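Asks:
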Amino acid sequence: MSIRRSLSWLLVALTVALTAALMAGGLAAHAADDDASQRQRILRERSEVDARARAAEAECAQRFAVSSCVAQVRAERRAAMQQLDRQRALLDEAQRKRRAAERQARI
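Quick note, the sequence shown lines up with residues 1 to 107 if you use the working numbering.
1) Give me the Cα-Cα distance between Arg-52 and Leu-90, rounded to the nearest whole angstrom.
2) Excluding five sequence neighbours on each side, which residues of the same chain lie with their C-beta closer than 7 angstroms to the C-beta of Arg-54?
3) Using the C-alpha atoms, what's the distance from Cys-69 back to Glu-102?
4) Take the Cβ of Glu-76 as the centre, count every other Cβ of all protein chains shown within 10 Å, and call the residue buried at 16 or more, exposed below.
5) Taking the straight line between their C-alpha atoms, what separation do you get for Asp-85 and Ala-94?
6) Could you round the C-beta distance between Arg-46 and Met-81 to whole angstroms and report it? I think they count as a contact, below 8 angstroms.
7) Take the Cβ of Gly-25 as the centre, count every other Cβ of all protein chains shown within 10 Å, and call the residue buried at 16 or more, exposed below.
8) Could you tell me the alpha carbon to alpha carbon distance between Leu-43 and Gln-104, rounded to whole angstroms?
9) In whole angstroms, give me the CA-to-CA distance for Lys-97 and Gln-62.
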């Protein structure tokens, strides 16, 4: 794996971990507009992860040991996507709770 690609994956992992830590720390009490911006950020990060994975797989094709390189790229992509999916699930849960509270307030 090239240093450049390793650094880009490290940057993605750090960004995802920092975002998850902020959300878990209670800083994720978002209004509807902030919720939408978080969802847009997650979609953007998912696209970036996909683009990096495609580029890394293309780089793997230039190597002798293609299979192990591609397997590692896919594992890294899967880990990054799982983290983003967890973040989206937290947003979904917060949205459900907010809607339930609004329904209770109306009743």
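Glycine included, each C-beta is placed from N, C-alpha and C at the ideal position.
Here the structure is a predicted model, which means the values were calculated and not measured.
Replies: Result, derived from the coordinates:
1) Looking up residue 52 in the sequence shown gives position 52. Looking up residue 90 in the sequence shown gives position 90. Using only the alpha carbons, I get a separation of about 25 angstroms.
2) Sequence index remark: in the sequence shown, residue 54 carries index 54 (1-based). So no residue of the chain qualifies.
3) On the sequence shown, residue 102 is found 102 positions in, with the first residue counted as 1. On the sequence shown, residue 69 is found 69 positions in, with the first residue counted as 1. About 50 angstroms.
4) Walking along the sequence shown from the start, residue 76 turns up at place 76. Glu-76 comes out buried.
5) Translated into the one-based positions of the sequence shown, residue 85 becomes position 85. Translated into the one-based positions of the sequence shown, residue 94 becomes position 94. The straight-line gap from Cα to Cα measures roughly 14 angstroms.
6) Position 46 of the sequence shown holds residue 46. Position 81 of the sequence shown holds residue 81. The pair is a contact, with the Cβ atoms about 7 angstroms apart (cut-off 8 angstroms).
7) On the sequence shown, residue 25 is found 25 positions in, with the first residue counted as 1. Bear in mind that a pLDDT of 48 at Gly-25, under 50, signals an unreliable position, so the number given afterwards is only what the model happens to contain. So Gly-25 counts as exposed.
8) Translated into positions along the sequence shown, residue 43 becomes position 43. Translated into positions along the sequence shown, residue 104 becomes position 104. Across the structure, Leu-43 and Gln-104 are spaced so that their CA atoms are roughly 31 angstroms apart.
9) One-based indexing of the sequence shown puts residue 97 at position 97. One-based indexing of the sequence shown puts residue 62 at position 62. Roughly 49 angstroms between the two C-alpha positions.
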